[in-house]
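Colleague:
Chains as they are written, first to last, in our numbering: chain A, 1 to 367; chain B, 1001 to 1326.
1. Tell me residue 208/A's beta-bridge partners as DSSP assigns them.
2. In chain order, what residues of the same chain have a beta carbon less than 8 angstroms from the beta carbon of residue 1185/B, not counting five sequence neighbours either side?
3. Going along the segment 254 to 274 of chain A in order, which residues come within less than 7 angstroms of chain B, judged by CB to CB distance?
4. Step through the CB atoms of chain B and report whether any lies within less than 7 angstroms of the CB of residue 167/A.
5. Suppose you measure from the CA of residue 1214/B to the CA of residue 1208/B; what does that come to, to the nearest Å?
6. By how many angstroms is the C-alpha of residue 312/A removed from the C-alpha of residue 130/A?
7. If you measure from the beta carbon of residue 1044/B to each beta carbon in chain A, is any gap under 7 angstroms?
8. Closer than 9 angstroms, Cβ to Cβ, to anything on chain A: give me those residues from the segment 1030 to 1064 of chain B, in chain order.
9. What's the gap between the Cα of residue 1104/B and the Cα of residue 165/A?
10. Take the Cβ of residue 1070/B as the centre, count every other Cβ of all protein chains shown within 10 Å, and call the residue buried at 16 or more, exposed below.
11. Could you please give the first and the last residue of the uninterrupted beta strand (DSSP E) stretch that includes residue 1144/B?
12. Which term fits residue 1068/B, buried or exposed, when burial requires 16 or more other beta carbons within 10 angstroms of its beta carbon?
13. Could you tell me which residues DSSP puts in a beta bridge with residue 1257/B?
14. Check whether the Cβ atoms of residue 1172/B and residue 1118/B sit closer than 7 angstroms, and answer yes or no.
15. Look at the alpha carbon of residue 235/A and the alpha carbon of residue 1197/B, and state the distance between them as a whole number of angstroms.
16. Between the Cα of residue 1311/B and those of 1264/B, 1085/B, 1096/B, 1168/B, spot the shortest distance and give me the residue it belongs to.
17. DSSP on residue 1128/B, reduced to helix/strand/coil?
18. So residue 244/A is in the alpha helix (DSSP H); what residue range does that whole segment cover?
19. Given that residue 140/A touches chain B, what residues does it touch there, using C-beta distances under 7 angstroms?
20. With DSSP collapsed to three states, give me the class of residue 1250/B.
21. Just how far apart, CA to CA, sit residue 35/A and residue 42/A?
22. Check the Cβ of residue 122/A against every Cβ in chain B and list those closer than 8 angstroms, keeping chain order.
23. Within 10 Å of its beta-carbon, does residue 293/A have 16 or more other beta-carbons around it, so buried, or fewer, so exposed?
24. Measure how close the beta-carbons of residue 301/A and residue 29/A come, nearest whole angstrom, since I'm counting them as under 8 angstroms.
25. Are residue 1143/B and residue 1099/B close, meaning C-beta to C-beta below 7 angstroms?
26. Which partner residues of residue 102/A appear in the DSSP bridge assignment?
27. For residue 318/A and residue 331/A, what's the separation of their Cα atoms in angstroms?
28. At a Cβ threshold of 7 angstroms, is residue 161/A touching chain B?
29. Run through the segment 1138 to 1223 of chain B for me and flag every whole beta strand (DSSP E) of 3 or more residues, listed as ranges in chain order.
30. Per DSSP, which residues does residue 1118/B bridge with? Please list them.
31. What are the boundary residues of the beta strand (DSSP E) that includes residue 1233/B?
32. For residue 1075/B, I'd like the list of residues in its chain whose CB is within less than 6 angstroms of its CB, leaving aside the five on either flank, ordered along the chain.
33. Please determine if the segment 1266 to 1277 of chain B and the segment 1080 to 1093 of chain B are in contact, where contact requires at least 3 C-beta pairs separated by less than 8 angstroms.
34. By the 10 Å Cβ neighbour count, where 16 or more other Cβ atoms means buried, how is residue 1297/B classified, buried or exposed?
35. Assign residue 324/A to buried or exposed, taking buried as 16 or more other Cβ atoms, counted over all protein chains shown, within 10 Å of its Cβ.
36. I'd like to know whether the C-beta atoms of residue 1245/B and residue 1202/B end up nearer to each other than 7 angstroms.
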């Protein structure tokens, strides 16, 4: 009797998997650093500042989510909540002149590189006072004067551009380095392969960082990519690292060492930072691909709570000071919401502006 | 006037601009040690060294994007594609990034980059090596598209392209690199982007043709002259911005127009310009505007089929006869 043929299966299955209550984690977190802030070269004030930054990103996005749900603005809204230790630890590790470029989950990166809550919220609302004049929206925050080159909406599209920023730094011999952040989903794009190959070949001073938050939209990492992500560096003979992204100190410690190496030796680096996003891919995501238990386990490692607890444990700040700081930030965010609501939309003629640095030409219009 | 090959005119333009501005560099497949797949960059490596004349792997998407990033930081990259047929692999960088970054970021960055290389067909190379992309890029806001036909235009316009503060698509042809022509010896010779040139004067019919098609139109005009028909040939040189004024002025004199376009018919240069002519010069036309373009099929390999596929002088003459009711 002929053996019954099994139906072909392509993508590994994941949805509706019965794990008998065991949490099947999409990412395994490596241990956080055990070093105290002073061993890392951070002052008490630095730690307070880190907390403030992370709390600002958190509250900004929680309020943004509310405003989105209230219908104050449209478009996509991809939240960074849960990943704030990465943006914060990185910015403290880099020089202010080093380049940062990221994907569309970009609000945290913008805030930590000097976009004010008002400029950021106004951008979400599509207002003229937004950081990108209301032309970019949630996915295209930028502040190029602070070397934050923007958020980009095409998965992997900004990776070669990061190589170009690094190319320019090397060409000009200015000592600056570039850093590029993207999700685990972008690892599967050909643009990454081409850029890593050329970066190693040309020794471009660029750090390519995968913020592995476990999901490429609704597809778990083990369902969309093979092997260990950070090990891809081996194929290019490139230096690599893997570390915990739920702890700002761990990110700071590792990124500082990497940035020093990249700056000194003009080399690229491929880094996987494991993290977790608490919210859906975007606001329309029902999150049926993961369990509540999984989310709750990660929330126990919350980066904002962790650094807040550290401030108390190490007696860097008292509870009342922390409460006052949180109130101040909450106030700043609420003011930003009010500002974003009241500040005007762009004027109709602004539709035609910002297309050209040189002589403008717009086909078939008198403009 | 010096007589130069098309490739020499391009090389002179690149050389002069690299000499003038240290931020200008060139990269692409085989541009450095091989001296250029079509010898446009011959000698530049020796003159400027490995920092500014850079061989890339066959990674169009990757090196186009590296060019975009470098341009955002103030450099002036010239990115050579071995043909625009391969630039399709870099479409994400050209279309989604180079042309849009400035607007998306509210004017906070600009992308002064030149993407250049041969466009369209070059003999029997089959379907994937024979496409004219000028109209396609012209569709996207923000991109200047230049497709010159003669060495003089090539030199003056490439210099303008390199100095332009925004992204420019500069198209050439494998079949024109050896073409000789007189090139101005004027110091720092610049032709502004967006200006058409009347290359042959005539009262009977206006023929609009650029790039390789200009030379086909010229052949047709020479043939028509023997029959007593004087064609006026306008070479737009720049597809976008398009110099409609020069075309309309000519039509007001000739009252008839044939557009020669190396691309397929749907939504191409011919259809756009044809539309604009009917709107702007309706009362001046004595016949419907006609076009000579590729048929809506892929490029065939077989010689007789290929010859049937590519616009030729005979098709242009037929179109001219039709608009003149001859």
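Cβ coordinates follow ideal geometry from the N, Cα and C atoms, glycine included. Keep in mind it's a predicted model, so treat the numbers as computed, not measured.
Modeller: Reading from the atomic positions:
1. The secondary-structure analysis by DSSP pairs residue 208/A across a beta bridge with 180/A, 270/A.
2. So the list reads 1001, 1002, once near-sequence residues are dropped.
3. Per Cβ criterion, the list is empty.
4. Residue 167/A counts as touching chain B.
5. Approximately 8 angstroms between the Cα atoms of the pair.
6. Computed Cα separation, rounded: 36 angstroms.
7. Not closer than 7 angstroms to any Cβ of chain A, the Cβ of residue 1044/B fails to qualify, so no.
8. For the segment 1030 to 1064 of chain B, which is checked against every Cβ of chain A, the residues closer than 9 angstroms are 1051, 1052, 1054, 1056, 1057, 1059, 1060, 1061, 1062, 1063, 1064.
9. Their Cα atoms are separated by approximately 18 angstroms.
10. By the neighbour-count definition (other C-beta atoms within 10 Å, threshold 16), residue 1070/B is a buried residue.
11. It spans 1144 to 1146 - the beta strand (DSSP E) in which residue 1144/B sits, taken as one unbroken run.
12. Per the 10 Å Cβ criterion, buried.
13. Partner(s): 1206/B.
14. Note that the C-beta distance between residue 1172/B and residue 1118/B is below 7 angstroms.
15. Cα to Cα, the separation comes out at about 53 angstroms.
16. The alpha carbon of residue 1311/B has as its nearest neighbour, out of 1264/B, 1085/B, 1096/B, 1168/B, the alpha carbon of 1264/B.
17. Correct three-state label for residue 1128/B: helix.
18. From DSSP, residue 244/A is part of no alpha helix (DSSP H) but of the beta strand (DSSP E) over 239 to 244.
19. Under the 7 angstroms cutoff, chain B gives 1104, 1105.
20. Correct three-state label for residue 1250/B: helix.
21. A straight line joining the alpha-carbon of residue 35/A with that of residue 42/A spans about 11 angstroms.
22. Neighbourhood of residue 122/A in chain B, by CB distance below 8 angstroms: empty, with the nearest CB roughly 11 angstroms away.
23. The residue in question, residue 293/A, is exposed, as its Cβ has fewer than 16 Cβ neighbours within 10 Å.
24. Right, the Cβ-Cβ distance comes to about 7 angstroms (below 8 angstroms), so this counts as a contact.
25. At the C-beta level, residue 1143/B and residue 1099/B come within 7 angstroms of one another.
26. 151/A, per the DSSP bridge assignment.
27. Taking the CA atoms as reference points, residue 318/A sits about 20 angstroms from residue 331/A.
28. Answer yes: the Cβ-Cβ gap between residue 161/A and chain B drops below 7 angstroms somewhere.
29. DSSP runs (the beta strand (DSSP E)) wholly in the segment 1138 to 1223 of chain B: 1144 to 1146, 1168 to 1172, 1180 to 1183, 1197 to 1200, 1205 to 1208.
30. Partner(s): 1172/B.
31. Segment 1231 to 1235, the beta strand (DSSP E) holding residue 1233/B.
32. Cβ within range, chain order: 1023.
33. Output reads no: the segment 1080 to 1093 of chain B does not touch the segment 1266 to 1277 of chain B.
34. Counting Cβ neighbours within 10 Å, residue 1297/B comes out exposed, since fewer than 16 surround it.
35. The residue is exposed, with fewer than 16 neighbouring Cβ atoms inside 10 Å.
36. Not in contact: residue 1245/B and residue 1202/B (Cβ atoms no closer than 7 angstroms).
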